[in-house]
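Q: For the sequence shown, our numbering begins at 38 and goes up steadily by one. This structure is in structure tokens; I'll ask about it shortly.
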Amino acid sequence: MATGHAPAKSRECEYQPSRRGGPRVRKRAKVVPESQSAPVGKTEEVPFSAIFLENYIDPGAGLKQLADKYKSSDAVFDELFQQPVVTTPVVCMARTYGLDYSAILNAYYIWIHPYFPILPAPRSSPYPEAITPLFNYQNDDFEFLEPPSPISLALSAILALIPCPQDVTPQDPESVRFRRNYSQLLAKSALESIENVSDRPESELEPARALDDADHSTGRQQFHPDVPFELETIIALDLLSVYEYTQRGNLKKMSLRANAALTQALEISLHTERAQQDQYTEARRRTWWMTYICISQVSIVSNTMATWENLVSNITTHYPLVRSDAEAFNLFIQAQQAILAATKFVMELNKAREAGQGFQRVFERMLELERRLEPMCTRSESWILDCPLTQPVDRDERVLGQSLKCIAKIKLNSARIKVHRYCAFFDAAVFSGKHCDLRSTKDEQANSPEPQQLRPCCSGGFESVPTRQMGQSNGLSSPPVSSGSTPTASAILESQLALRLPFTVYHSAKLCLRSALNISGAFDLLPYPNPTAVFSAVPTYLGAGSPMVTPRTMPAFACCAMQSSYALLMVKTKAPQLFASHGPMDSDCGPPLLQDMLARVQDGLFSIMMTLENYGSAFEALGGMRDQVRDKVGFAAPFAASY
């Protein structure tokens, strides 16, 4: 730009472009040695909070708030003689294992393997952990000395969420934020590593040679001796899928990771059993079936159709083997398939309610699922689950056998609640948030009147009754048919009067209660991680000075806890009406029996809340579920802080 000072300096006036605007280059902060003294006459640094925009909007904006110059004598006396408040700064830390593959693998068998057995059984029992935390005041950048394994990074991202044993304030917001940010850094690095695995240097240096189909060396260490390189990216994607759900609550990214893992698994035909077995056979089986668990879990938690089922219709891969319990994996997979089928049923029911038709097929499907689930749930109640809660993982995987059966029992009973909860409770909303296929109170209020009009015609028992008697036939109050109903809604209602649910409210509510208590009991029997490798009769704390019990991990099936909570809360609310509606058979069901049932319901709710509290101490996304149950149950937060 032209200036008026050029002639005064005996220079020719010329145009110079402005240097304002354009991209800004972020400079690395210069590290000043401690011995270097501050320059003399340096002005006082303005606090960052002083330049917030809000300070220039409020009355007196931009002016420094001065304290009153004169104070009363009482105030001066109190300030002089009161005890000074000593605030201890929070030291944030996160567990890190660097490039020590053996330490990461050891941590996997302690914290993850009992709940997500995607790697083969350990060759020996894990050794006690020795954690060197990464502190928030360390300025050294986290650098890799060699191309890391995608598994090591994905596992490190999950392990970083577990508080360190040295952390005495693990639930402080700053500590939680530090672990979250460090974990996300590792998760992003894992995705970059997955991309690098499929990259070829020739694509950038000599593209003409990139299509020669020659195998190129990985240039990195094998993470597990019994896991081939071709499985590492699939395993990492499965781990990241669970991470996105349990930590970040991102269902879309959970689906992307699981679908990417499924695609790669199908490309190398993991769903087909090979004729010849080798040292990698068990790894292939576990990778395939845990990939199946992940992709089906996406449909379950997001309440969406399993569009991938046609791709895996011809599965011949054998179930993995657990030495201590040969049927554990089999039962685990069957339970996953059962809850997937129950989720499909819920979607079909919701469609019928929205359309006002197709109920007959839905009710037939309800009977089919009950015939399938009843013997499975009954059998699960006879399983012997006597493994100590802190049993370390060994080659026989006894702790894994118990864990898989507990999870299978949880999923089977959750599937049964899905089948019966409409008959029992009309699917009335309880929680303000939407969890899996449970409706939220906001969704219920925003629904159109047509589905509400269908409630009475679907709430009867085995007998078809007139509309005016619908609200009385089941012992629960049902919304009456509005006089202002539209012709369409009235026609739908009249056409559905002949339909009848195959189960009464009392029968379905009774099954929901039984299943909910089975779920809470199975959660109580889930093993706890044992980082000390020393047997203990009770769950151990993270460290000598830690206030937190070791958190269980990989809670991808946490929605089952919400199904259990829903059923228990509904029974607790409707129990007097359910007993009153049972008729003559209730002659022996007096107040003592009712109080005993309500006490069991309260114990079940407490157990579920403790479970979610334990999961939420490491996985933030589950904190929302915990808070929803806590608000309904009414237990104070500090009471469960150590679980």
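Glycine included, each C-beta is placed from N, C-alpha and C at the ideal position.
1. Excluding five sequence neighbours on each side, which residues of the same chain lie with their C-beta closer than 6 Å to the C-beta of residue 336?
2. Given that a residue counts as buried once 16 or more other Cβ atoms are within 10 Å of its Cβ, and exposed if not, what is residue 553?
3. Tell me the DSSP bridge mates of residue 586?
4. From 551, 429, 258, 578, pick the residue whose C-alpha is nearest to that of residue 204; which is it?
5. Work out the CA separation of residue 429 and residue 378 for me, nearest whole Å.
6. Leaving aside the five residues before and after residue 476 along the sequence, list all residues of the same chain whose C-beta is less than 7 Å from its C-beta, in chain order.
7. As an exercise, report each continuous alpha helix (DSSP H) stretch of at least 4 residues that is fully enclosed by the region 374 to 418, in chain order.
8. Does residue 153 pass the burial test, meaning 16 or more other C-beta atoms within 10 Å, or should it be called exposed?
9. With the cut-off set at 7 Å, would you say residue 590 and residue 149 are in Cβ contact?
10. On a Cα-Cα basis, can you pick out the residue from 193, 271, 555, 571 that is closest to residue 419?
11. Out of 588, 446, 326, which has the shortest C-alpha to C-alpha gap to residue 558?
12. If you draw a straight line from the alpha carbon of residue 575 to that of residue 583, how long is it in whole angstroms?
13. Across the region 285 to 299 and the region 124 to 136, are there enough close Cβ pairs to call them in contact, namely three or more that are closer than 8 Å?
14. How would you write the range of the alpha helix (DSSP H) that residue 19 sits in, first residue to last?
15. Got a sec? Which residues, its chain only, sit under 7 Å from residue 82 by beta carbon, not counting five neighbours each side?
16. From residue 566 to residue 460, what distance separates their C-alpha atoms?
17. Check for me: the alpha helix (DSSP H) holding residue 544 runs from which residue to which?
18. What is the DSSP secondary structure of residue 131, reduced to helix, strand or coil?
19. Let me know if residue 35 comes out buried or exposed under the rule of 16 or more other beta-carbons within 10 Å of its beta-carbon.
20. Does the separation of the CB atoms of residue 669 and residue 630 fall below 7 Å?
21. Rounded to the nearest angstrom, what separates residue 561 and residue 202 at their Cα positions?
22. Which one of 580, 243, 241 has the shortest CA to CA distance from residue 200?
23. Is residue 260 buried or exposed, if buried means 16 or more other CB atoms sit within 10 Å of its CB?
24. Could you check the C-alpha separation between residue 215 and residue 321 for me, to the nearest Å?
25. Residues in the same chain with beta-carbon distance under 7 Å from residue 313, minus the five sequence neighbours each way, listed in chain order, please.
26. For residue 301 versus residue 330, is the C-beta distance shorter than 7 Å?
27. If we call anything under 7 Å between Cβ atoms a contact, is residue 654 one with residue 588?
28. Could you say if the region 158 to 174 and the region 430 to 440 meet the contact criterion of at least three C-beta pairs nearer than 8 Å?
29. How far does the alpha helix (DSSP H) with residue 442 in it extend, from its first residue to its last?
30. Take residue 613 as the anchor and find which of 185, 543, 386 has the nearest alpha-carbon.
31. Please tell me whether residue 227 and residue 187 are closer than 7 Å, where the distance is taken between their beta carbons.
32. Within the continuous alpha helix (DSSP H) that includes residue 420, where are the two ends?
33. Report, in whole angstroms, the separation of the C-beta atoms of residue 647 and residue 207, which I expect to be a contact under 8 Å.
34. Does the region 654 to 664 come close enough to the region 280 to 289 to have 3 or more Cβ pairs within less than 8 Å?
35. For residue 400, which option in 452, 444, 540, 170 has the closest C-alpha, if you only look at C-alpha atoms?
36. Within its chain, find whatever has a CB closer than 6 Å to the CB of residue 317; leave out the 5 residues flanking it on each side and keep chain order.
A: Judging by the given coordinates:
1. 343
2. buried
3. 578
4. 578
5. Distance between the alpha carbons of residue 378 and residue 429: 34 Å.
6. 464, 466
7. 396 to 417
8. Of the other Cβ atoms in all chains shown, 16 or more fall within 10 Å of the Cβ of residue 153; this residue is therefore buried.
9. yes
10. The shortest Cα separation from residue 419 among 193, 271, 555, 571 belongs to 555.
11. Ranking 588, 446, 326 by Cα distance to residue 558 puts 446 first.
12. 16 Å
13. Because the criterion of three Cβ pairs below 8 Å is not met, the region 285 to 299 and the region 124 to 136 do not touch.
14. What the structure shows of the chain is the stretch from 38 to 680, and residue 19 is not part of that stretch, so it cannot be assessed.
15. Per-residue confidence for residue 82 stands at a pLDDT of 47, beneath the threshold of 50, marking its modelled position as unreliable; the derived number appears in the next sentence. Excluding positions up to five away in sequence, the list is empty.
16. 39 Å
17. 542 to 561
18. In the structure shown, residue 131 sits in a strand (DSSP, three-state: E or B).
19. Since the first residue of the chain shown is 38 and the last is 680, residue 35 is not available in this structure.
20. no
21. Straight-line Cα distance between these residues: approximately 23 Å.
22. 580
23. buried
24. 36 Å
25. none
26. no
27. One thing to note: residue 654 has its Cβ within 7 Å of the Cβ of residue 588.
28. yes
29. 435 to 462
30. 543
31. Taking C-beta atoms as the reference points, residue 227 and residue 187 count as a pair closer than 7 Å.
32. Counting along the chain, residue 420 falls outside any alpha helix (DSSP H), and DSSP gives it neither H nor E.
33. With a Cβ gap of about 17 Å, residue 647 and residue 207 do not count as contacting.
34. A contact is defined here as three or more CB-CB pairs under 8 Å, and the region 654 to 664 meets this definition with respect to the region 280 to 289.
35. 540
36. 265
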